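A.B. asks:
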Amino acid sequence: MAGAKYVWRLPEPSSQAVLQLAASYNLSLPVMQTLASRGLTTKEELDSYLFSTFERDVAHPGLLKDAEKAITRILRAIQKKEKILICGDYDVDGITSSAMIMTCLLPLHADINFFLPNRIKDGYGLSAKIVQRAAQNGYSVIITVDNGITSFEAGLEAQRLGIDLIITDHHKPHDHVPVSYAIVNPHQDTCLYPYKKLAGVGVTFKLMTLLYEQLKKKLPDKVYELMLLGTVADVVPLTGENRFWVRHGLSLINNEESLAFRILKLNMRSSKTQLSSTDIGFSIAPQLNALGRLEDARQGVFFLIGTDEEKVAHIGTVLRELNEARKTIEKAVFNDVDAIIRSKKIDVTQERLILATSHSWQPGVIGLVASRLVHAYNRPTILLSIDRQSQAKGSCRSISGLNMFELLQEHKDLLTSFGGHAQAAGLSLPVERVPLLKERIEATLARTLPFMEPKPGLTLDAEITLPEVNKKLINDLQYLEPFGNENPQPVFYLKQVSLVEQPQLLKDAHVKCLVFSEGIIKPVIFFNRPDLFSLLSTRMNEGVSLAVQASENHFNGKISIELQGLDVAL
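Residue 13 is where the sequence shown starts when you use the numbering used here, and the numbers rise one by one after that.
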């Protein structure tokens, strides 16, 4: 079914079995139909999803290859007063991972410090230069968090200088791994850890859990907050163990928030008393991410573990201001690429890949822009910023069903470096090789993917009626949380409703309308869809179908049920 912006994938009608399950679990029909649409139809599947348990969802950290070896070395370093350096990444996953190790090892009297590279000056990950500086400053152990699995030169340099390198990472390894003392990464072929979807902070968390278990000590409560923040921010699947720990973290911060979370929440300028994973992903994490995108990510660690309220509040102000600047820069880069596409210099009606370069783009935002372009045009996207050494460095984002990491691996002979995941990756290459990379990837996609319309798909989970949009629906939706990657917020099919009055255009960006069906009138708000104003204005006497999401709206201390429209079909 064609909507104004998306190709709709309509839900199946509710079967008798779904009706019986809805009654059995006392869940509203749209919620149970959503679960059935996502393949959860047996009692075992439903119980496993709805009711997370530690025993079922959490595996023992000792199953991680090299984890025992790594903590033995860390404990020996603490005992012998050796200097330990943590090397993190400049995103929220890396910031929270670094903060977690500091939180866990400082109380054990470790001689420990951390280093997060500057995106522009140092580049990604652990480098040979960083290892050399560590040696000059007397460090004998380096622990990477959320990076390191592709640090081949750094591994050789650490070996040469007599530094024990412990790599903890969650990115996919290449055909071989760096020389190191130990590698803790669930993606290693010989790693027995059953859950492979941990974020970098998740791998760090498992390592610290094992270390504290060996010492027979209780982990600091702070680690659960950091686990929540890093996991949601890195957009790893919110399934299995990740789902368990995110739920646990949310329950803790909503019961007693830390100094850092209190300030991040104030920066949201929201009256909500309870945070959700959506709030973490869209309002909290971007503030911290702005540091690594535009400035010095190390301030993020000081912010998260700091206890001086004045200093932490000052960094919080910086976070808010940087995040506002990030939004402006991101919008400008998106408009640049969108103009190229609209001018047909990149013809999405003919080409399967969006690839664009610029000397002026801020490297820290192009991954965000690539994600928006994938969403807008249903095309895998590579955006590259060209530096003064004529190196093109950038980010890739993929569509469902296309493994971007494997795609880059197929053409690695053109690349200086690359790494990442199936849906998101980073790369660098000499600028003169960019046209050949584009040509080769287009050829690969032509062989492996059917041509798709440049209109993204939208899966509608269940049909809903206006009388079903009520308090019980909102309460039942809480059982499906936390929402995120591989567990998105449900999208409902509101079929053939009537417009009660002319729609309103708010701030030249958002469209608000009143819809009527079965004796019920409800408001619907379409954020950032000004294109729908003229369309809806012509449909006053005719029915429209809507794709909507339902949630609680908190405004000026009042709570109401809000229908957020995503698309319209005539």
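Here a beta-carbon is modelled for each residue, glycine too, at the ideal position from N, C-alpha and C.
Note that this is a predicted model, so its numbers are computed, not measured.
Go to R255, then tell me how far its alpha helix (DSSP H) extends in each direction, as first and last residue.
C.D. replies: Here the question's residue 255 lines up with position 243 in the sequence shown. In this chain, the alpha helix (DSSP H) harbouring R255 covers 252-265.
A.B. asks: Who are the Cβ neighbours of Q200 in its own chain at under 7 Å, not counting the five residues just before and after it?
C.D. replies: To locate residue 200, count along the sequence shown from 1; it is residue 188. The answer, listed in chain order, is K77, P185.
A.B. asks: If you draw a straight line from the alpha carbon of L517 to that of R541, how long is it in whole angstroms?
C.D. replies: As a first step, residue 517 must be located in the sequence shown, where it is residue number 505. As a first step, residue 541 must be located in the sequence shown, where it is residue number 529. If I take the Cα positions, the gap works out to 9 Å.
A.B. asks: Grab me the residues of L173's own chain with a C-beta within less than 6 Å of its C-beta, minus the 5 sequence neighbours each way, in chain order.
C.D. replies: Translated into the one-based positions of the sequence shown, residue 173 becomes position 161. Closer than 6 Å at Cβ, skipping near neighbours: A147.
A.B. asks: Excluding five sequence neighbours on each side, which residues of the same chain lie with their C-beta closer than 6 Å to the C-beta of G379?
C.D. replies: Here residue 379 corresponds to residue number 367 of the sequence shown, with the count starting at 1. The residues are S407.
A.B. asks: If we require 3 or more residues per run, which beta strand (DSSP E) segments fall completely within the segment 128-208?
C.D. replies: 151-157, 176-180, 194-196
A.B. asks: Would DSSP call L365 helix, strand or coil?
C.D. replies: Within the sequence shown, residue 365 is the residue found at index 353, counting from 1. In the structure shown, L365 sits in coil (DSSP, three-state: anything other than H, G, I, E or B).
A.B. asks: Quick check on I132: buried or exposed, where buried means 16 or more other Cβ atoms within 10 Å of its Cβ?
C.D. replies: Position 120 of the sequence shown, counting from 1, holds the residue named residue 132. Exposed, because fewer than 16 other Cβ atoms sit within 10 Å of the Cβ of I132.
A.B. asks: Use the C-beta contact count for L278: other C-beta atoms within 10 angstroms, 16 or more gives buried, fewer gives exposed.
C.D. replies: If you number the sequence shown from 1, residue 278 lands on position 266. The residue in question, L278, is exposed, as its Cβ has fewer than 16 Cβ neighbours within 10 Å.
A.B. asks: Our contact map puts G293 next to V244 with C-beta atoms below 8 Å; I'd like the distance itself, whole angstroms only.
C.D. replies: Looking up residue 293 in the sequence shown gives position 281. Looking up residue 244 in the sequence shown gives position 232. Indeed, because the Cβ distance is near 5 Å, the residues count as touching under 8 Å.
A.B. asks: Is K133 near the ligand FAD - that is, is its Cβ less than 8 Å away from at least one heavy atom of it?
C.D. replies: Among the components modelled here there is no ligand, and therefore nothing to report on the ligand FAD.
A.B. asks: Less than 9 Å separating the beta-carbons of L582 and S557?
C.D. replies: The residue labelled residue 582 in the question sits at position 570 within the sequence shown. The residue labelled residue 557 in the question sits at position 545 within the sequence shown. Yes, Cβ-Cβ distance for L582 and S557 is below 9 Å.
A.B. asks: Can you tell me where the alpha helix (DSSP H) holding K229 begins and where it ends?
C.D. replies: Within the sequence shown, residue 229 is the residue found at index 217, counting from 1. Careful: K229 lies outside any alpha helix (DSSP H) and carries neither H nor E.
A.B. asks: Indicate the three-state DSSP secondary structure (helix, strand or coil) for K55 in the structure shown.
C.D. replies: Taking the first residue of the sequence shown as 1, we reach residue 55 at position 43. Helix.
A.B. asks: If I follow the unbroken beta strand (DSSP E) through E475, where does it start and stop?
C.D. replies: The residue given as residue 475 occupies position 463 in the sequence shown. Taken as a continuous stretch (DSSP letters only), the beta strand (DSSP E) holding E475 covers 474-476.
A.B. asks: Can you tell me which of I155, K141, N130, H371 puts its alpha carbon nearest to the alpha carbon of L117?
C.D. replies: The residue you call residue 117 lines up with position 105 of the sequence shown. Ranking the options by Cα distance to L117, first place goes to I155.
A.B. asks: Using alpha carbons as the reference points, say which of N565, R68, E530 lies closest to F256.
C.D. replies: As a first step, residue 256 must be located in the sequence shown, where it is residue number 244. Distance check between F256 and each of N565, R68, E530 places R68 closest, using alpha-carbon atoms only.
A.B. asks: Can you check the segment 503-574 for any alpha helix (DSSP H) of at least 4 residues that lies completely inside it and give the ranges in chain order?
C.D. replies: 543-549
A.B. asks: Which residues in the same chain as L33 place their Cβ atom closer than 6 Å to its Cβ, once the five residues preceding and following it in sequence are excluded?
C.D. replies: Here residue 33 refers to the residue found at position 21 when the sequence shown is read from its first residue. Excluding positions up to five away in sequence, the list reads M44.
A.B. asks: Can you tell which of D246, L316, Y151 has its C-alpha closest to the C-alpha of T290?
C.D. replies: The count along the sequence shown starts at 1 and reaches residue 290 at position 278. Closest option to T290, Cα to Cα, is D246.
A.B. asks: Leaving out five residues on either side along the sequence, give the residues of the same chain with a beta carbon under 6 Å from the beta carbon of T393.
C.D. replies: In the sequence shown, residue 393 corresponds to position 381, counting from 1. Taken in chain order, the residues that qualify are I366, A382, L385, V386, R409.
A.B. asks: Which one of S40, E24, Y18 has the shortest CA to CA distance from K483?
C.D. replies: The residue you call residue 483 lines up with position 471 of the sequence shown. Looking at S40, E24, Y18, the one whose alpha-carbon comes closest to that of K483 is S40.
A.B. asks: To the nearest angstrom, how far is it from the Cα of T202 to the Cα of V324?
C.D. replies: Here the question's residue 202 lines up with position 190 in the sequence shown. Here the question's residue 324 lines up with position 312 in the sequence shown. Taking the straight line joining both Cα atoms gives about 42 Å.
A.B. asks: Mind checking whether V19 and L470 have CB atoms under 9 Å apart?
C.D. replies: The count along the sequence shown starts at 1 and reaches residue 19 at position 7. The count along the sequence shown starts at 1 and reaches residue 470 at position 458. In this structure, L470 lies closer than 9 Å to V19 by Cβ.
A.B. asks: Going residue by residue through the segment 21-106, where are the continuous beta strand (DSSP E) segments of at least 3 residues, counting only ones entirely within it?
C.D. replies: 95-99
A.B. asks: Just to confirm before moving on: does the CB-CB distance between V191 and I175 stay below 9 Å?
C.D. replies: Working through the sequence shown from its first residue, we reach residue 191 at position 179. Working through the sequence shown from its first residue, we reach residue 175 at position 163. Cβ distance not < 9 Å, so V191 and I175 don't count as in contact.
A.B. asks: Take I453 and list the residues in its own chain whose beta-carbon comes closer than 6 Å to its own, dropping the five residues that flank it on each side.
C.D. replies: Against the sequence shown, residue 453 aligns to sequence position 441. Excluding positions up to five away in sequence, the list reads L365.
A.B. asks: Based on Cα-Cα distance, which residue from N390, L439, L331, G376 lies nearest to V360?
C.D. replies: Your numbering for residue 360 matches position 348 in the sequence shown. The residue with the shortest Cα to Cα distance from V360 is N390.
A.B. asks: Using only CA atoms, which one of M552, V313, Y151, N347 lies nearest to I327?
C.D. replies: As a position in the sequence shown, residue 327 is number 315, starting the count at 1. Looking at the Cα atoms, V313 is the closest of the given residues.
A.B. asks: State the DSSP-derived secondary structure class of G242, mapped to helix, strand or coil.
C.D. replies: On the sequence shown, residue 242 is found 230 positions in, with the first residue counted as 1. G242: helix per DSSP, three-state reduction.
A.B. asks: How big is the Cα-Cα spacing for G212 and V157?
C.D. replies: In the sequence shown, residue 212 corresponds to position 200, counting from 1. In the sequence shown, residue 157 corresponds to position 145, counting from 1. Cα to Cα, G212 sits roughly 6 Å from V157.
A.B. asks: Using C-beta distances below 8 Å, list every residue in its chain close to D520, excluding the 5 sequence neighbours before and after it, in chain order.
C.D. replies: Taking the sequence shown and counting its residues from 1, one reaches residue 520 at position 508. Within the same chain, D520 has close Cβ partners P542.
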